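Read through the structure below, which is laid out as C-alpha cells, and then see the notes.
2 protein chains.
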Amino acid sequence: MTCRPTSPAERAALAMMLEVAAGPKPGNVDRCHDYPDTRLEHFLASVLFSLPALARAERGEGGIGDLIYDAVESASCHSGGNTHFGAFLLLVPLIFGKDIEGAKEAVSHTTVEDAVRFYEAFALTQVRMLPSDELDVNDPGTLEEIRRRGMTLHDIMAHSAGRDMVAAEWVEGFPLTREAADYLHIQGPGPDAIPHTFLLLLASHLDTFIVKKHGMEVAREVRKKAAEAHIGIRDVKELDKELLDRGINPGSIADITIAGIYTALAEGWRWE
Amino acid sequence: MTCRPTSPAERAALAMMLEVAAGPKPGNVDRCHDYPDTRLEHFLASVLFSLPALARAERGEGGIGDLIYDAVESASCHSGGNTHFGAFLLLVPLIFGKDIEGAKEAVSHTTVEDAVRFYEAFALTQVRMLPSDELDVNDPGTLEEIRRRGMTLHDIMAHSAGRDMVAAEWVEGFPLTREAADYLHIQGPGPDAIPHTFLLLLASHLDTFIVKKHGMEVAREVRKKAAEAHIGIRDVKELDKELLDRGINPGSIADITIAGIYTALAEGWRWE
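As given, the protein sequences belong to chains A and B, one line each in that order. Using my numbering, read the first sequence as starting at 62 and increasing by one per residue. Using my numbering, read the second sequence as starting at 62 and increasing by one per residue.
Right, dumping it as C-alpha cells:
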C-alpha cells in the first residue's frame with residue numbers, strides 16, 4: 062500500500078498520541094494510568110482539538126506566540142486541565158521550522174508580541190510558576206513590564222531557562238529533544254522504545270516540573286530511582302506506582318519525549 | 062473558555078479515540094490490552110490518518126463508496142491490520158448525512174460505482190468474509206458480477222445484512238447505533254459510560270464478526286457471558302481476559318459502539 066507522507070502537524074499529533082499511549086512511564090498518565098482529574102482521554106482529545114492550530118503552525122500563519130496561544134486554547138476544550146502546554150512550546154517551533162535547525166532559527170526571531178501572546182496562553186492554564194518569579198503570569202502588571210523591557214519570547218525563555226528545562230530547550234538549541242530522538246533511533250521500532258527513552262531521560266536529567274511542584278530534593282530522588290530502574294535494580298512498574306501514589310509527575314520530561322518523537326519520526330524512525 | 066464546536070469529522074475521530082481508550086471491553090483492544098499484531102497505537106494512528114478522508118466526507122466530496130475507500134486506505138498506513146473498517150462503514154454515511162436521518166437518506170442513494178469502490182476498499186483489508194459468500198471479495202469475477210447485476214452499495218449491504226450486523230445497520234436505519242447512543246445518554250458523562258454501553262450491546266446482540274470467525278455457538282456463548290457480566294454474576298475483567306486469551310474479539314459491536322458515540326456526541330452527550 063502506498064501511504065501519503067505525514068505532514069509536520071500530523072507527525073506532531075502522532076508524537077503526542079504515541080507518548081501518552083506508551084507505558085509504563087513512571088508517574089505520568091499512560092494507557093493504564095490516569096490522574097483523578099486528567100485521564101488518557103483528555104490527552105487524546107487535546108491532540109485532536111489542537112490539530113487545526115498545528116496545521117496553522119505548519120503553514121506559518123502567524124507568529125510563534127500566537128500559534129502557541131491557538132494550540133493551547135484549542136486543546137483546552139475539556140475539563141482535564143493542562144495536558145500539552147509544555148509540548149506545544151516545543152512542537153510549535155519545531156512544526157513552524159520543520160526540524161530542530163528550523164526551530165532554532167524560528168525561536169531566535171520571536172518578538173515582544175510573541176511574548177505577550179505566550180503569557181496570554183499561560184493564563185489559560187494552571188501551569189505552575191515559581192512563587193518568587195518576578196514575571197508571574199498571575200500578576201496583571203507582568204504584560205506591561207514585558208512591553209516596557211521590550212522582552213521577546215526568546216528573552217522570556219532565557220529568563221526561565223535556569224529553572225525550566227522546556228524553556229532551556231529554546232535557549233540551548235533543543236539538546237534534550239535531540240537526545241530523546243537519538244535514543245529512539247538507537248532503540249529502533251516497537252512499543253518499548255518510547256518508555257525506554259522516557260526512563261533514560263528521567264534517569265539522566267532533573268525534571269524541572271517536579272522541582273517546581275515538589276522541590277529539588279524530590280526531583281533528585283526521582284532521578285536516582287529512575288537510574289536504578291534503568292539499570293534493573295528497581296522495578297519500573299513499582300516506581301510508576303510510587304510516583305503516581307505520591308502525585309509526582311515528570312511532566313517536562315514527557316514534553317521533551319514528545320518533541321523527541323516528533324524529531325525522530327521526521328528522520329525516519331518507525332514507531333510500530 | 063469558549064470552545065469552537067466540533068465538526069462531524071472531528072466528532073467521528075473523537076468517537077473512535079474514546080472507544081478504543083475505554084475499558085474493559087471484553088475481548089477487544091482497549092487502553093490496557095493489545096492483540097499481538099494490533100495495538101492501541103495502531104487504532105490511534107488509524108484515527109489520525111483517516112481524518113482528512115473524514116473531513117472530505119463532511120464536505121460531501123465524492124460518493125459514499127469512494128469516501129469509504131479513502132478512509133480505509135488512509136487509515137491502513139500502519140502494520141496493525143484492520144482497525145476501523147466496520148466503523149468507517151457506519152461513520153462515513155453518518156458524517157456525510159450529519160445524523161442518522163441524513164445517513165439513511167445517503168445510503169438509500171448509493172450507486173453501482175459506490176459498490177465497486179467499497180469492494181476495492183474491502184480488498185485492501187483482511188476482513189473476513191464467509192467462505193461460501195457468492196460475492197467474495199477475493200474472487201476477481203465479483204466486481205464484474207456486481208456491475209452485471211447492477212447492484213448498488215445499498216444492495217450489497219442488503220445482501221449481507223442477514224449475517225453482518227454492520228451491513229444490517231445500513232438496511233434497517235441504524236437501529237443499534239440509535240440504541241448505543243440512547244444507552245450513552247442514559248448513563249451520562251464519565252469514563253464508565255462507554256464500557257457499560259459496549260457490555261450492554263454485547264449482552265443483547267450476537268456479534269456477527271464473532272459468528273464469522275468462530276461460529277454461531279461461540280457467539281451465543283459470548284452473548285450469554287456478557288449478559289451475566291452485565292447483571293453482576295460474572296466478573297467483566299475475567300471475561301475480558303478469557304476472550305482475549307481465546308482470540309475472540311467482538312469487532313462489530315465495537316464498530317456500532319463508535320457509531321453510537323458519534324451520534325450521542327452530536328446530540329449533546331458529554332464524554333468527560
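We treat Cβ as the ideally placed atom computed from N, Cα and C, and that holds for glycine. For clarity, every value in this text was computed on a predicted model and none was experimentally measured.
For residue i, three-class secondary structure by DSSP
i	result
aspartate 301 of chain B	helix
histidine 94 of chain B	strand
serine 137 of chain B	coil
proline 250 of chain B	coil
histidine 145 of chain A	coil
leucine 326 of chain A	helix
glutamate 174 of chain A	helix
serine 68 of chain B	coil
glycine 126 of chain A	helix
phenylalanine 104 of chain B	helix
valine 168 of chain A	helix
glutamate 56 of chain A	One cannot answer for residue 56 of chain A here, as it falls past the ends of chain A, which runs 62 to 333.
arginine 224 of chain A	coil
lysine 273 of chain B	helix
leucine 237 of chain A	helix
glutamate 333 of chain B	coil
leucine 267 of chain A	coil
alanine 83 of chain A	coil
isoleucine 207 of chain A	helix
glycine 308 of chain B	coil
methionine 212 of chain B	coil
Within 8 Å, strictly: CB atoms of residue i and residue j
i	j	result
valine 81 of chain A	phenylalanine 104 of chain A	yes
isoleucine 129 of chain B	leucine 237 of chain B	no
isoleucine 271 of chain A	valine 279 of chain A	yes
isoleucine 314 of chain A	leucine 245 of chain A	no
alanine 76 of chain A	leucine 326 of chain A	yes
proline 87 of chain A	leucine 304 of chain A	yes
threonine 258 of chain B	glycine 312 of chain B	no
proline 250 of chain A	arginine 331 of chain A	yes
leucine 214 of chain A	aspartate 268 of chain A	no
alanine 242 of chain B	glutamate 328 of chain B	yes
arginine 27 of chain A	leucine 101 of chain B	Outside the shown range of chain A, which is 62 to 333, sits residue 27 of chain A, and nothing can be said about it.
threonine 99 of chain B	threonine 144 of chain B	yes
leucine 185 of chain A	serine 137 of chain A	yes
arginine 281 of chain A	glutamate 289 of chain A	no
leucine 300 of chain B	glutamate 71 of chain A	no
phenylalanine 179 of chain B	glycine 223 of chain B	no
alanine 83 of chain A	proline 256 of chain A	yes
Contacts of residue i in chain B (Cβ-Cβ under 9 Å)
i	result
tryptophan 332 of chain A	Glu102, Ala106, His139
Residue of the options minimising C-alpha distance to residue i
i	options	result
proline 97 of chain B	B:Asp306, B:Phe183, B:Val168	B:Asp306
alanine 114 of chain A	A:Ile156, A:Met78, A:Asn143, A:His139	A:Ile156
glycine 308 of chain A	A:Glu174, A:Ala290, A:His94	A:His94
alanine 164 of chain B	B:Trp332, B:Trp330, B:Gly329, B:Tyr323	B:Tyr323
proline 344 of chain B	A:Met78, A:Ala118, A:Ser140	Since the first residue shown for chain B is 62 and the last is 333, residue 344 of chain B is missing from the structure and cannot be characterised.
lysine 298 of chain A	A:Cys64, A:Arg72, A:Asn89	A:Asn89
leucine 150 of chain A	A:Cys138, A:Pro256, A:Arg284, A:Asp131	A:Asp131
serine 107 of chain B	A:Gly142, A:Ala288, A:Thr67, A:Ser135	A:Thr67
proline 201 of chain A	A:Phe110, A:Lys286, A:Val177	A:Val177
threonine 124 of chain A	A:Ile161, A:Gly84, A:Thr171, A:Leu112	In the sequence as displayed, the identity of residue 124 of chain A is glycine instead of threonine. Comparing Cα-Cα distances from glycine 124 of chain A to each of A:Ile161, A:Gly84, A:Thr171, A:Leu112, the minimum goes to A:Thr171.
phenylalanine 183 of chain A	A:Ile217, A:Val283, A:Asn310, A:Val168	A:Ile217
lysine 286 of chain A	A:Gly276, A:Glu205, A:His266, A:Lys274	A:His266
serine 169 of chain A	A:Glu230, A:Met226, A:Phe110	A:Glu230
isoleucine 319 of chain B	B:Lys302, B:Phe235, B:His275	B:Phe235
asparagine 310 of chain B	B:Arg65, B:Met78, B:Cys64, B:Pro85	B:Pro85
methionine 226 of chain A	A:Pro256, A:Pro154, A:Lys273	A:Lys273
glycine 211 of chain A	A:Val283, A:Val173, A:Leu79, A:Pro69	A:Val173
proline 154 of chain A	A:Pro69, A:Arg65, A:Glu333	A:Pro69
Within chain A, partners of residue i - CB distance below 9 Å
i	result
proline 69 of chain B	Neighbours of proline 69 of chain B on chain A: none; closest Cβ ~13 Å, over 9 Å.
leucine 109 of chain B	Thr67, Glu71, Ala74, Leu75, Met78, Val108, Leu109, Leu112
Check: residue i C-beta below 7 Å from any heavy atom of the ligand FMN
i	result
valine 283 of chain A	Questions concerning the ligand FMN fall outside what the structure shown contains, since it holds no ligand whatsoever.
Chain-ordered chain B contacts of residue i [CB-CB under 8 Å]
i	result
arginine 117 of chain A	Under the 8 Å cutoff, chain B gives no residues; its nearest Cβ is about 13 Å from arginine 117 of chain A.
Within chain A, the residues that residue i reaches when beta carbons sit closer than 7 Å
i	result
arginine 92 of chain B	Arg92, Cys93, Leu101
Compile a chain-ordered list of the residues in the segment 76 to 90 of chain B whose CB is closer than 7 Å to at least one CB of chain A. Met78, Leu79, Ala82
Would you list, in chain order, the members of the segment 293 to 310 of chain A that have their beta-carbon closer than 8 Å to a beta-carbon of chain B? Listed by position along the chain: nothing, the set is empty.
Residues of the segment 229 to 256 of chain A with a CB closer than 8 Å to any CB of chain B: list them in chain order, please. Pro252
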